[in-house]
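Worksheet: the structure to be examined is printed underneath.
Residue numbers (the numbering used here): 77 to 444.
Structure (structure tokens):
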């Protein structure tokens, strides 16, 4: 990493400090004025630019911004489309950055991991920065927040939450970042409170780390979805693959079935499919649409008044099938009916949907 040193020799009262971290000045977040860092003072001495009380910038040259070495996200998707958008209308959302001074103050040993020549690193906006580079943008809008790099925990937490809210990390990246955060917090319970995420959701996401490596690779490459592999960590690798295949096949069958909207919009097509799958029903429908000519009943075929009365009484006495109404107002009663009526596979599918809905709700509630 390139550093700039001022040439004036220190006076007798100046302290001599050998550590690079101790030479760095203090920082602050957002647009507030702050004391001048050693780096900024050196730049000021070399260029003659004012430094005292200068607020953080709101726009920076792309060349001065580098990627965060601790970013939990490894894959940057759809850069071409975002780059095209930046070329046309520019970057709408500012990139959150921190100064190199603030980053290295707590991590002097990471200087070699930072890109050469940069003065800031990205906290939130890695994909936007790469797309801006690809688009050839000279500058980008930024928001400087040095508080986000005050500790390793704060840095990882900020990057994780920002990516999760936009669904920018694949499930394996999420699990790896969550595992580190749980270690920082000390327990899943504390992580749950800090991140606004149910402990059961955290446990479910962490289970991805115990999957068969091939399933993990399939998940990252998009060959499988999280619904195919969720909560399989307690099974053997062979059982995991078998169960994941079964879930994928069930999903394919479900997608192949006509939806309720399709049935409503194409009732004739739905009836044709039903007749194909149920030939006996087709025969009944044919008889209904083309009844046989009526024949005149003979006197011997007619029931006596007493027999007719007995038949009517027997039909009236036969029990009607009770219609179960779902008690939507009572979650416990609904759960009882689900456990009573659904098989294990369907219960598992319902649980996956509920967990996914809970994740979306928690993310929207904790979003800034």
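We put the CB at the ideal spot given by N, CA and C, even for glycine.
Note that the structure is predicted; figures quoted are calculated from it, not measured.
Within 10 angstroms of the beta-carbon of residue 409 lie fewer than 16 other beta-carbons, which makes it exposed. Three or more beta-carbon pairs separated by less than 8 Å link the region 131-148 to the region 195-214, which places the two stretches in contact. Relative to the Cα of residue 170, the nearest Cα in the group 219, 422, 140 belongs to 219. Distances from the alpha-carbon of residue 231 to those of 194, 304, 267, 174 put 174 closest. Annotation for residue 287: 305, 308, 309, 316 place their beta carbon closer than 7 Å to its own, counting only its chain and skipping 5 residues before and after. Under the three-state reduction of DSSP output, residue 194 falls in the coil class, being neither helix nor strand.
Per DSSP, reduced to three states, the secondary structure at residue 406 is coil, with no helix or strand assignment. With fewer than 16 neighbouring CB atoms inside 10 Å of its own CB, residue 420 falls in the exposed class. Residue state for residue 263 is assigned as coil, using DSSP reduced to three classes.
Where residue 172 is concerned, the enclosing beta strand (DSSP E) starts and stops at 171-175.
Cβ neighbours of residue 302 within its own chain (closer than 6 Å, five residues either side excluded): 247. Contact between residue 140 and residue 195 holds, with the beta-carbon distance rounding to 5 Å and staying under 8 Å. Scanning its chain for C-beta atoms nearer than 6 Å, with the 5 sequence neighbours on each side dropped, one finds around residue 292 the residues 248, in chain order. Residue range 215-220 is occupied by the beta strand (DSSP E) that includes residue 220.
Residue state for residue 199 is assigned as strand, using DSSP reduced to three classes.
In the DSSP secondary-structure assignment, residue 137 is bridged to 215.
With respect to the 9 Å criterion, residue 213 and residue 168 are not classified as neighbours on the basis of their beta carbons. Remark: C-beta atoms of residue 237 and residue 285 do not approach each other more closely than 9 Å. Collapsing the DSSP output to three states places residue 142 in a strand.
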